[in-house]
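Participant: Numbering (the numbering used here), first residue to last: -3 to 80. Glycine residues also receive a C-beta, built at the ideal position from the N, C-alpha and C atoms. Here the structure is a predicted model, which is why all the values come from computation and not from measurement. Take a look at the following structure, please.
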């Protein structure tokens, strides 16, 4: 079997979400945003996110609170990570 992939830190996920939001706010196509978000979710499923629920939410919750991640994408993210 293949080597187990290293989990991704919650901080790295937050950085990627900020980049996605910046591109969206700069006028990137919603389809491009959706594709990149889906690709990120796929990678998280393959590699997992490092940390327990409280740690992950402590890092990511501010992105929902400040509007970086919309409510719909927030729930999709939590569901995909098994945190909902």
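1. Flag this pair as yes or no: are the beta carbons of residue 79 and residue 52 separated by less than 8 angstroms?
2. I want to see whether chain B comes within less than 8 angstroms of residue 1, judged by CB atoms only; does it?
3. Name the residue from 49, 3, 18 whose alpha carbon lies nearest to the alpha carbon of residue 81.
4. Measuring straight from C-alpha to C-alpha, what distance separates residue 42 and residue 1?
5. Please name the residue or residues paired with residue 4 in a DSSP beta bridge.
6. For residue 76, does the three-state DSSP call read helix, strand or coil?
Facilitator: In brief:
1. yes
2. Here there is only one protein chain, and chain B is not present.
3. Within the shown structure, residues of the chain are numbered from -3 to 80, placing residue 81 beyond reach of any answer.
4. 8 angstroms
5. 45
6. helix
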